[in-house]
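Trainee: Before anything else, here's the structure in question.
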């Protein structure tokens, strides 16, 4: 066998070799580097230097179409390039076949760059994740992903050396949340560098996402009285002492199923809201405050008791009684008061002890005029004593009278000084006062200079709807020539000036023409203007009858 193989090799060596041209022919392909975007087409040209080439063509798994040809070349269209491949171009010349290869690189730009923040609202000092991935990009080895916070680079990842089989274009980092991160913008930038393969630098960027940081570790606190009176407005407040950002805290306040309309405020890290509450039903009810910030909510509830306690009813048989008449006073609780109140009258000495009802029967006296009578009701709700009072002022009507303190019967004027007659009557309604001297009505509003001829007896008459009364006043005008000492004169002057001031003040307060007359049902309605105008004309006659 060895001898046979050696003989065959000897015969082959004796066969003459092809010519020099056939031995040196070349096969080439254009382009010598092929970079094709995903799904696109590529035109190639396969050529040879053989003058009379034999069989030729290209070998590829891609869909190919021959576009044209010449004696030493062929042109093909490769369609729908979706992956990297190697193309073979071959020619034969005088029975000798040669081929060349073309590496076709498919690339896919980073058109879709996705950034994911988990979570988008992060509690203070908690970790959050920034993740960026590109679903479709090639070749992966030429990709670089960069995570950005604003314009600041957080992290960069190059995929050089990653196997094609494990293509996953993503990068993830974990960051601890701080206040300064609140409202920071995060983004991702993708760069595909094709320059080593004859291409350029392709860019892609994600949409910007805003990160929110919050702190909400303390529960809200409700401020409201534990007792609410039905129908009465009350202010309720809800506050969170530490929350960030405080200005974005949202408050909802409910009384049972009724949502109130709170007004919110904030300062620093504190936020609060207040609303007006008006409960319309008695009994135990629940007040709720719900505070939300971003994805977090906190709720607090408080029970309140709604009670009904209208003011007590004070009934006085006659608030304008005549002096000497009996007056009946009753103090009772309102029908809507629950539970039944304890009642007590105030305004008179030696009244009965508190009880479920209170009443009083008394005889009206002049000194009772202006007395305040009150009805006090008290109830106990959840251990708290609640008190309400109704008060009425009593007006006792009585005839006019003169007291020596308000209308002295003897008065001394100092000659040469401005003087006024000092006389203030008492009575209710306030009486009208008319004073007559020597048949003339004295103007009590205007001071007059004291002279000796003003000495004499003045007759003053006070009148109201209940009657009239008169009084004589003796006035003596003294001068220096009457032997009065300087000290006595000084005392008289001071006394007179003081008396004049008091008289003016009292008279202005009680002047009948400047005050409104109190009205009551049993007042004298028969009195008319004609009687009042005639009163001054008959005053002199009245004074004569009283020996003025």
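Residue numbers (the numbering used here): 50 to 597.
Ideal Cβ positions, reconstructed from N, Cα and C, are used throughout, including at glycine.
The model shown is predicted, which means the values in this text are computed figures rather than measured ones.
To the nearest angstrom, how far is the alpha carbon of residue 247 from that of residue 154?
Mentor: Each residue's Cα considered, the two are about 10 Å apart.
Trainee: Since residue 126 and residue 113 should fall inside the 8 Å C-beta cutoff, what is the C-beta to C-beta distance between them, to a whole number of angstroms?
Mentor: With a Cβ gap of about 7 Å, residue 126 and residue 113 count as contacting.
Trainee: With DSSP collapsed to three states, give me the class of residue 244.
Mentor: Helix.
Trainee: So residue 22 and residue 150 are in contact, right, with Cβ under 8 Å, and what is the actual spacing, rounded?
Mentor: No answer is possible for residue 22: the residues shown for the chain start at 50 and end at 597.
Trainee: Go ahead and label residue 543 buried or exposed: buried means 16 or more other beta carbons lie within 10 angstroms of its beta carbon, across all protein chains shown.
Mentor: The residue is exposed, with fewer than 16 neighbouring Cβ atoms inside 10 Å.
Trainee: When the Cα of residue 432 is compared with those of 354, 250, 511, 262, which residue comes out closest?
Mentor: The shortest C-alpha separation from residue 432 is found at 354.
Trainee: Check whether the stretch 299–310 and the stretch 254–265 touch, using three or more Cβ-Cβ pairs below 8 Å as the test.
Mentor: No, the stretch 299–310 is not in contact with the stretch 254–265.
Trainee: What separation, rounded to the nearest whole angstrom, lies between the Cα atoms of residue 377 and residue 509?
Mentor: Each residue's alpha carbon lies about 37 Å from the other.
Trainee: Given 8 Å as the limit, is there contact between the stretch 354–367 and the stretch 321–340, that is, 3 or more CB pairs closer than that?
Mentor: Result yes; three or more Cβ-Cβ pairs closer than 8 Å.
Trainee: If you run the structure through DSSP and keep just helix, strand and coil, what is residue 450?
Mentor: Looking at residue 450 - three-state DSSP - the assignment turns out to be strand.
Trainee: Note down, in chain order, each residue of its chain lying with its Cβ closer than 6 Å to the Cβ of residue 186, except the 5 sequence neighbours on either side.
Mentor: Cβ within range, chain order: 157, 159, 192, 218.
Trainee: So, residue 409 versus residue 400, is the Cβ gap smaller than 9 Å?
Mentor: Yes.
Trainee: Comparing C-alpha positions only, which one of 110, 136, 109, 95 sits nearest to residue 120?
Mentor: That would be 95, whose Cα lies nearest to the Cα of residue 120.
Trainee: Nearest-angstrom Cα distance between residue 283 and residue 445?
Mentor: Spanning the two alpha carbons is a distance of roughly 40 Å.
Trainee: Who does residue 96 pair with in a DSSP beta bridge?
Mentor: BP columns for residue 96 point to 77, 122.
Trainee: Pick helix, strand or coil for residue 229, following the three-state DSSP scheme.
Mentor: Three-state result, residue 229: helix.
Trainee: Leaving aside the five residues before and after residue 608 along the sequence, list all residues of the same chain whose C-beta is less than 8 Å from its C-beta, in chain order.
Mentor: This structure cannot speak to residue 608, because the chain is shown only from 50 to 597.
Trainee: Can the beta-carbon of residue 320 be found less than 9 Å from the beta-carbon of residue 312?
Mentor: Not in contact: residue 320 and residue 312 (Cβ atoms no closer than 9 Å).
Trainee: Can you name the residues that DSSP bridges to residue 434?
Mentor: 429, per the DSSP bridge assignment.
Trainee: Check whether the stretch 160–173 and the stretch 124–140 are in contact - that is, three or more C-beta pairs closer than 8 Å.
Mentor: The stretch 160–173 vs the stretch 124–140: no contact.
Trainee: Which residue from 336, 457, 103 puts its Cα closest to that of residue 307?
Mentor: Checked all of 336, 457, 103; the closest Cα to residue 307 is 336.
Trainee: Please classify residue 397 as buried or exposed, where buried requires at least 16 other C-beta atoms within 10 Å of its C-beta.
Mentor: Classification for residue 397: exposed.
Trainee: Going along the chain, which unbroken runs of the beta strand (DSSP E) with 3 or more residues stay wholly within the stretch 342–381?
Mentor: If we require 3 residues or more, the beta strand (DSSP E) runs fully inside the stretch 342–381 come out as 345–356, 362–365, 375–381.
Trainee: For residue 265, count neighbouring C-beta atoms within 10 Å of its own C-beta (all shown protein chains included) and say buried if the count is 16 or more, exposed if not.
Mentor: By the neighbour-count rule (16 or more Cβ atoms within 10 Å), residue 265 is buried.
Trainee: Tell me whether the beta-carbon of residue 443 lies closer than 9 Å to the beta-carbon of residue 360.
Mentor: No, the Cβ-Cβ distance between residue 443 and residue 360 is not below 9 Å.
Trainee: With a cut-off of 8 Å on the beta carbons, I'd call residue 520 and residue 455 a contact; round off their distance for me.
Mentor: The pair is not a contact, with the Cβ atoms about 11 Å apart (cut-off 8 Å).
Trainee: Taking the alpha-carbon positions, what's the residue 139 to residue 87 distance?
Mentor: Computed Cα separation, rounded: 26 Å.
Trainee: Would a C-beta distance cut-off of 9 Å place residue 199 and residue 234 closer than the cut-off?
Mentor: In contact: residue 199 and residue 234 (Cβ atoms closer than 9 Å).
Trainee: Can you give me the C-alpha to C-alpha distance between residue 293 and residue 345, rounded to a whole angstrom?
Mentor: Roughly 12 Å separates the two Cα atoms.
Trainee: Who are the near neighbours of residue 209 in its chain, counting only those whose CB is closer than 6 Å to its CB and skipping five residues on each side?
Mentor: The residues are 190.
Trainee: Should residue 513 be labelled buried (16 or more other beta-carbon atoms within 10 Å of its own) or exposed?
Mentor: So residue 513 counts as buried.
Trainee: Please list the terminal residues of the continuous beta strand (DSSP E) segment that includes residue 205.
Mentor: Element bounds for residue 205: 201–207.
Trainee: Please list the terminal residues of the continuous beta strand (DSSP E) segment that includes residue 522.
Mentor: Note, residue 522: beta strand (DSSP E), 516–527.
Trainee: Just list the residues that DSSP pairs residue 210 with in beta bridges.
Mentor: Answer by DSSP bridge pairing: none, since residue 210 is not bridged.
Trainee: Using CA coordinates, which residue listed in 101, 100, 105 is at the minimum distance from residue 78?
Mentor: Of the listed residues, the one whose Cα sits closest to residue 78 is 105.
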